[in-house]
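Participant: Here it is: the structure, laid out below.
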Amino acid sequence: MKRINFSGLSSLIALGFFLVLQTVPVDALLAQAGTKPNIVWITCEDMSLHLESFGDSTIKTPNINRLAREGVRYSQAYSIAGVCAPSRSALITGMYPTTIGTHNMRTLQGLSREVPYYSAVLPPEVKTYTEYLRAGGYYCTNDVKTDFQFETPISAWDECSTAAHWRNRPAGKPFFAIFNFTITHESQIWARKNEPLLVDPAKVKVPPIYPDTEIVRRDMARNYTNIIKMDEMVGKVLKELEEDGLLDKTIIFFYSDHGSGLPFYKRELYDRGLRVPLIVRYPDKALAGTWNDELVSFVDFGPSVLSLAGVPVPKHMQGQAFLGEQKAKTPRKYVFAARDRMDSEYDIVRAVKDKRFKYIRNYQPQKPVMQNIQYRLNMDMMNEIIRLEKEGKLNETQRIWFRKTKPAEELYDTDVDPFEINNLAEDSKYHEKLVELRNVHEQWERDTRDLGFTPEKDVYLSMWPNGVQPVTKNVTAEFDRKTSAVTLQSEPGASIVYKTDPAAKGWLLYTGTFKVKPKAEVKATAIRYGYKQSAETILITP
0 MKRINFSGLS
10 SLIALGFFLV
20 LQTVPVDALL
30 AQAGTKPNIV
40 WITCEDMSLH
50 LESFGDSTIK
60 TPNINRLARE
70 GVRYSQAYSI
80 AGVCAPSRSA
90 LITGMYPTTI
100 GTHNMRTLQG
110 LSREVPYYSA
120 VLPPEVKTYT
130 EYLRAGGYYC
140 TNDVKTDFQF
150 ETPISAWDEC
160 STAAHWRNRP
170 AGKPFFAIFN
180 FTITHESQIW
190 ARKNEPLLVD
200 PAKVKVPPIY
210 PDTEIVRRDM
220 ARNYTNIIKM
230 DEMVGKVLKE
240 LEEDGLLDKT
250 IIFFYSDHGS
260 GLPFYKRELY
270 DRGLRVPLIV
280 RYPDKALAGT
290 WNDELVSFVD
300 FGPSVLSLAG
310 VPVPKHMQGQ
320 AFLGEQKAKT
330 PRKYVFAARD
340 RMDSEYDIVR
350 AVKDKRFKYI
360 RNYQPQKPVM
370 QNIQYRLNMD
380 MMNEIIRLEK
390 EGKLNETQRI
400 WFRKTKPAEE
410 LYDTDVDPFE
420 INNLAEDSKY
430 HEKLVELRNV
440 HEQWERDTRD
450 LGFTPEKDVY
460 LSMWPNGVQP
470 VTKNVTAEFD
480 RKTSAVTLQS
490 EPGASIVYKT
500 DPAAKGWLLY
510 TGTFKVKPKA
520 EVKATAIRYG
530 YKQSAETILI
540 TP
């Protein structure tokens, strides 16, 4: 396979056929191994395509560059929201947040003016995909960050802590491990403002939506500096895989949880808030250095991991596998995104995109473009931009964010207008595309039963009747004296975990009847997602 290199983002053209033609050999390679592949997710936060391997030459990121050289780069990967918690709920469930009630940012911090803290109660069939991996024989770990909009169920992971690592697994067991790097998060722009910069602010390219000032350049340079440091963390994971002889026995994903944390990037439904770098590295560097331009949505990640692991993809998942033996026969034609409450500020915005055009529907056009998000006022460049607007020193493009109202519909040609500045919704030349995407959007809302139009208080009370969190029914345990088998039950939709060794650190996922030795002590507990966990049930066998 010839290696293809590109010098800039404008060169990310349609090269998906390289991967399409070679998907079968990759699946065959994994099948020939005779064992389930290990899978590692390396997740960073708040990052658009600000990487050398995706066309931005501002900084050097040698470890991510290595993944790009040895893996497949996806040029059209999109989050379903421009902010982390809804995005992460989609990643972990394979479901749209607007379907399962995880669309408001956030539920677990009580930021809304109308409802208190609440853990979203998911439909009974919805589980984290890691439960299916665990049931399929995988050891699943997460190095602590969840942020799923519902309290992390005890059934989701073998270990979820700062010490979580594949090295803690039982010998010979395949693993799925997530490493979350938070250094590129929006907050680290101000939290690390007094640390030395690794990037010269004078060399930063300021986008047209920003004024070119010293403060803006400095914060952008800080963001790039944080990306450099994140790259070092990526290198540490790769080194550990090499040390353990696992690098070529492991499928590696690298991606960001949504677009950049910079102002007018984060929380927005423009590509700069949704489009993320995605690299998948296969064992033995299969498909090394190739590009794929298929549309990929965050709801597709869970199904794809299950497909790669040889675990059946549940029918309720709204995403489709883009990898593995269960890969969808037809690539995506559209990706979708939503914006609802952000901290204390309510809005209803939806977006649909094909490979070129973006359609945005503003359901509350009477509201201003920029929301009063207090959190980002910690950033110097945010305050700088606000000050310059008040002084009348922003140009027309830079003032877009300060418009008092929004158009009901927006349409952009992202190939020629990557910052989505020129709204084509009223241009007759694009009427056919406008109608197409409008219809696709409205059909998606109906198909996914969009909860964004239901007041959050009503959603909350439907999940927590009278404002009280439901409690999962206690586990009942039955022991069969003839077979020495234990059967556990709770309520529909609940996941059950148990342990037969009181000293055991973790819990086993209950997938069916199991046998125990005489005088065994079995502990069990259950959790319905969004409910309080049940009390422990203890069974001591004869």
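To convert, note that position 128 of the sequence shown is 127 in numbering that gives the first Met the number 0; the numbers rise steadily by one, no gaps. In this text, a Cβ means the ideal position worked out from N, Cα and C, and glycines have one as well.
1. Considering only the alpha carbon of each residue, which of R338, V312, I251, Y254 lies closest to Y269?
2. Using a Cβ-Cβ distance under 8 Å, would D346 count as near chain C?
3. Between the Cα of Q488 and those of K248, D416, L410, G511, spot the shortest distance and give me the residue it belongs to.
4. Give a single yes or no on whether P173 has its beta carbon closer than 7 Å to a heavy atom of the ligand GDP.
5. G135 and Y281 look like a contact to me (Cβ under 8 Å); what is the Cβ gap, rounded to whole Å?
6. In chain order, what residues of the same chain have a beta carbon less than 6 Å from the beta carbon of P330, not counting five sequence neighbours either side?
7. Check this for me: beta carbons of L237 and G258, under 8 Å apart or not?
8. Is F513 helix, strand or coil when you go by DSSP?
9. Between V388 and A80, what straight-line distance do the alpha-carbon atoms span, to the nearest angstrom?
10. Leaving out five residues on either side along the sequence, give the residues of the same chain with a beta carbon under 7 Å from the beta carbon of F263.
11. Please say whether I63 and F253 have beta carbons closer to each other than 8 Å?
12. So, do the segment 361-376 and the segment 120-132 have three or more beta carbon pairs nearer to each other than 8 Å?
13. Using the three-state DSSP reduction, which class does I359 fall into: helix, strand or coil?
14. In whole angstroms, what separates the C-alpha of G244 from that of R166?
15. Under 8 Å, do G505 and D157 count as touching if we go by C-beta distance?
16. Hey, D449 and T97 are a contact pair by Cβ (cut 8 Å); roughly how many whole angstroms apart?
17. Helix, strand or coil, according to DSSP, for I537 in the structure here?
18. Could you tell me whether the Cβ atoms of V114 and Y459 are closer together than 8 Å?
19. Given a cut-off of 8 Å, decide if T499 and V521 are closer than it, judged by their beta-carbon atoms.
20. Taking just the CA atoms, how far does R349 sit from E490?
21. Tell me which residue opens and which closes the beta strand (DSSP E) that Y138 is part of.
22. Going by CA-CA distance only, name the one from L305, P313, E455 that's closest to E324.
23. Return the bridge partner residues of E267 from the DSSP annotation.
24. Below 8 Å, can you find three or more Cβ-Cβ pairs linking the segment 451-469 to the segment 479-488?
25. Determine the contact status of G301 and L90, defining contact as a CB-CB distance below 8 Å.
26. Which of helix, strand or coil does DSSP assign to I372?
27. Could you spell out where the alpha helix (DSSP H) holding K389 opens and where it closes?
28. My output table needs one value for L460: the three-state DSSP class, helix, strand or coil.
29. Compute the Euclidean distance between the alpha carbons of L286 and I153, then round it to the nearest angstrom.
30. Quick check on DSSP: helix, strand or coil for V415?
31. Look at the alpha carbon of W443 and the alpha carbon of S494, and state the distance between them as a whole number of angstroms.
32. Take C139 as the anchor and find which of A502, T127, F147, P469 has the nearest alpha-carbon.
33. Please report how far the alpha carbon of Q532 lies from the alpha carbon of A155, in whole angstroms.
34. Select from V439, L246, P276 the residue whose C-alpha is nearest the C-alpha of K284.
35. Alpha carbon to alpha carbon, how far is Q108 from V198?
36. In whole angstroms, what is the alpha-carbon distance linking H49 and I58?
Facilitator: To lay it out plainly:
1. Walking along the sequence shown from the start, residue 269 turns up at place 270. Taking only the C-alpha atoms, the option nearest Y269 is R338.
2. As a matter of chain content, chain C is missing from the structure shown, which is built from one protein chain.
3. Here residue 488 refers to the residue found at position 489 of the sequence shown. Comparing Cα-Cα distances from Q488 to each of K248, D416, L410, G511, the minimum goes to G511.
4. Summarising the ligand content, the structure contains no ligands, and the ligand GDP is consequently not present.
5. Against the sequence shown, residue 135 aligns to sequence position 136. Against the sequence shown, residue 281 aligns to sequence position 282. Wrong, their Cβ atoms sit about 20 Å apart, outside the cutoff.
6. Taking the sequence shown and counting its residues from 1, the one referred to as residue 330 is at position 331. If we look at P330 and ignore the five residues flanking it on each side, its Cβ neighbours are E293.
7. Position 238 of the sequence shown, counted from the start, is the residue given in the question as residue 237. Position 259 of the sequence shown, counted from the start, is the residue given in the question as residue 258. The answer is no: Cβ separation not under 8 Å.
8. To locate residue 513, count along the sequence shown from 1; it is residue 514. Correct three-state label for F513: strand.
9. Here the question's residue 388 lines up with position 389 in the sequence shown. Here the question's residue 80 lines up with position 81 in the sequence shown. The amino acid at residue 388 is misidentified as Val; the sequence shows Glu. For E388 and A80, the distance between alpha carbons rounds to 27 Å.
10. Locating residue 263 in the sequence shown gives position 264, counting from the first residue. For F263, the CB contacts under 7 Å within the same chain, skipping 5 residues up- and downstream, are I208, W400 in chain order.
11. Translated into positions along the sequence shown, residue 253 becomes position 254. Translated into positions along the sequence shown, residue 63 becomes position 64. Contact: yes.
12. The segment 361-376, when compared against the segment 120-132, does not touch it at the 8 Å Cβ threshold.
13. Here residue 359 is taken as the residue at index 360 of the sequence shown, counted from 1. I359: strand per DSSP, three-state reduction.
14. By 1-based counting over the sequence shown, the position of residue 244 is 245. By 1-based counting over the sequence shown, the position of residue 166 is 167. Distance between the alpha carbons of G244 and R166 is about 12 Å.
15. Residue numbering aside, residue 505 sits at position 506 when the sequence shown is read from its first letter. Residue numbering aside, residue 157 sits at position 158 when the sequence shown is read from its first letter. Contact: yes.
16. Position 450 of the sequence shown, counting from 1, holds the residue named residue 449. Position 98 of the sequence shown, counting from 1, holds the residue named residue 97. Correct: roughly 5 Å between the Cβ atoms.
17. Translated into positions along the sequence shown, residue 537 becomes position 538. I537: strand per DSSP, three-state reduction.
18. Taking the first residue of the sequence shown as 1, we reach residue 114 at position 115. Taking the first residue of the sequence shown as 1, we reach residue 459 at position 460. Between V114 and Y459, the gap from beta carbon to beta carbon is short of 8 Å.
19. Numbered from 1 along the sequence shown, position 522 holds the residue referred to as residue 521. Numbered from 1 along the sequence shown, position 500 holds the residue referred to as residue 499. A contact, by the Cβ cut-off of 8 Å.
20. What you label residue 490 is simply residue 491 of the sequence shown in a count that begins at 1. What you label residue 349 is simply residue 350 of the sequence shown in a count that begins at 1. So the alpha carbons of these two residues sit roughly 35 Å apart.
21. Taking the first residue of the sequence shown as position 1, residue 138 is located at position 139. DSSP places Y138 in the uninterrupted beta strand (DSSP E) bounded by 138-141.
22. For the purposes of this step, residue 324 is taken as residue 325 along the sequence shown, with counting starting at 1. Ranking L305, P313, E455 by Cα distance to E324 puts L305 first.
23. For this step, residue 267 is matched to residue 268 along the sequence shown. Answer by DSSP bridge pairing: none, since E267 is not bridged.
24. no
25. As a working note, residue 301 is residue 302 in the sequence shown. As a working note, residue 90 is residue 91 in the sequence shown. It is a contact, given that the beta carbons lie within the stated cut-off.
26. One-based indexing of the sequence shown puts residue 372 at position 373. I372 falls in the coil class under three-state DSSP.
27. Looking up residue 389 in the sequence shown gives position 390. Residues 379-389.
28. Reading the sequence shown from its first residue, position 461 is the one you call residue 460. The answer is helix: DSSP assigns L460 an H, G or I state.
29. Start at 1 with the first residue of the sequence shown, and residue 286 comes out as number 287. Start at 1 with the first residue of the sequence shown, and residue 153 comes out as number 154. Taking the straight line joining both Cα atoms gives about 37 Å.
30. Indexing the sequence shown from 1 puts residue 415 at position 416. Note: V415 maps to coil in three-state DSSP.
31. As a first step, residue 443 must be located in the sequence shown, where it is residue number 444. As a first step, residue 494 must be located in the sequence shown, where it is residue number 495. Each residue's alpha carbon lies about 30 Å from the other.
32. As a first step, residue 139 must be located in the sequence shown, where it is residue number 140. When each option's Cα is compared against that of C139, the closest is T127.
33. Locating residue 532 in the sequence shown gives position 533, counting from the first residue. Locating residue 155 in the sequence shown gives position 156, counting from the first residue. If I take the Cα positions, the gap works out to 13 Å.
34. Counting from one through the sequence shown, the residue named residue 284 turns up at place 285. Among V439, L246, P276, the Cα nearest to that of K284 is on L246.
35. Locating residue 108 in the sequence shown gives position 109, counting from the first residue. Locating residue 198 in the sequence shown gives position 199, counting from the first residue. Distance between the alpha carbons of Q108 and V198 is about 35 Å.
36. Numbered from its first residue, the sequence shown carries residue 49 at position 50. Numbered from its first residue, the sequence shown carries residue 58 at position 59. C-alpha separation (whole angstroms): 9 Å.
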